[in-house]
């Protein structure tokens, strides 16, 4: 469903850009060609608003981003976001298939994406995991704006597939809301025995200020001090602990205050200067996370 919606959006933007090109060509070819940049400019303006809101936040334990860091992060997020939302997800959701080689006994990975994403988000990770010989399954979580609890069956099925193929509990690698979906899954009876480690990247473990601007039940659940997050924390206090590694950055334009992406008792890894989507493709994050899978 999400891929279809994003394809429609891309086609609409392309049609508007083409109409601009044709309409203004006789007036000014330069102005007509400049219109082709409007989709990127609009997306860039939206991101600039997010970074402006981030810059206004105070009192977080993480170092405040410098203006240079914010500008560099904005550019990185524009490039990464265009690749993810205008190419990989709408047109390449299934370009990288799940990898379950027969007879393997190596530990595998379940990739869990965040809000308004699908499995196409993880294409660079899946290519790297395949090159390393790591079995993996990537989920697409639907409905897009439903409850985070509704994503539990998809994660459970992916974990079951990997365990059936490898005989070993997998590692979960999650971006943004995917980290909360993994924690919701861990409340399933027996789930803690079916996972070796959970890696989260820019996940709003304690909620995010930006969620109040979102729509849908999952956005409400990700608000700071939400009842859902409080209940999740209470349930976790009574369950077997699972090791977590949490990547976070002071230039996260979606999850802030940025230290909400860290967890008490986790291996929290701070990577300064990287924005929300681009953080998932930062080489240190990608390399060290997959090395963790190999060592788990």
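In the UniProt record's numbering, the protein residues as written are 1 to 296.
All C-beta atoms, glycine included, are put in the ideal place defined by N, C-alpha and C.
As the crow flies, the alpha-carbon of residue 272 is around 44 angstroms from that of residue 28. Between residue 211 and residue 276, the C-beta gap is not smaller than 8 angstroms, which leaves the two residues out of contact.
In summary, residue 88 is buried, with 16 or more beta-carbon neighbours lying within 10 Å of its beta-carbon over all protein chains present.
Inter-segment contact for the stretch 162-174 and the stretch 96-106 is present: three or more beta-carbon pairs are separated by less than 8 angstroms.
The count of Cβ pairs closer than 8 angstroms, one atom from the stretch 35-43 and one from the stretch 118-125, stays below three, leaving the stretches out of contact. Inter-residue distance for residue 110 and residue 159 is about 7 angstroms (C-alpha atoms, whole angstroms). In the DSSP secondary-structure assignment, residue 84 is not bridged to any residue. With contacts defined by Cβ atoms closer than 8 angstroms, residue 264 and residue 192 do not form a contacting pair. Residue environment analysis places residue 25 among the exposed positions, since fewer than 16 neighbouring C-beta atoms fall within 10 angstroms of its C-beta. Here DSSP, grouped into helix, strand and coil, assigns residue 287 to helix.
For the set 186, 173 and 260, the Cα lying nearest the Cα of residue 209 is the one of 260.
Short of 6 angstroms from the beta carbon of residue 50, and not among the five residues preceding or following it, lie these beta carbons of its own chain, in chain order: 253.
As summarised for the stretch 179-215, there are no continuous alpha helix (DSSP H) elements at least 4 residues long confined to that stretch. By a beta-carbon distance limit of 8 angstroms, residue 249 contacts residue 274. Their separation comes to about 4 angstroms.
DSSP lists 200 and 268 as the beta-bridge partner residues of residue 246. Per DSSP, the unbroken beta strand (DSSP E) holding residue 138 starts and ends at 136-138.
Here residue 77 is actually not in contact with residue 41; their C-beta atoms are around 14 angstroms apart, not less than 8 angstroms. Leaving aside the five residues that flank residue 226 on each side, the residues in its chain whose CB is nearer than 7 angstroms to its CB run, in chain order, 207 and 220.
In this structure, 141 is the residue among 141, 196 and 197 with its C-alpha nearest to the C-alpha of residue 177.
Excluding residues up to 5 positions away in sequence, 3, 6, 7 and 10 lie with their Cβ nearer than 6 angstroms to the Cβ of residue 90 in the same chain. In the three-state reduction of the DSSP assignment, residue 24 falls in the helix class, which pools H, G and I. Annotated three-state conformation of residue 117 is coil, per DSSP.
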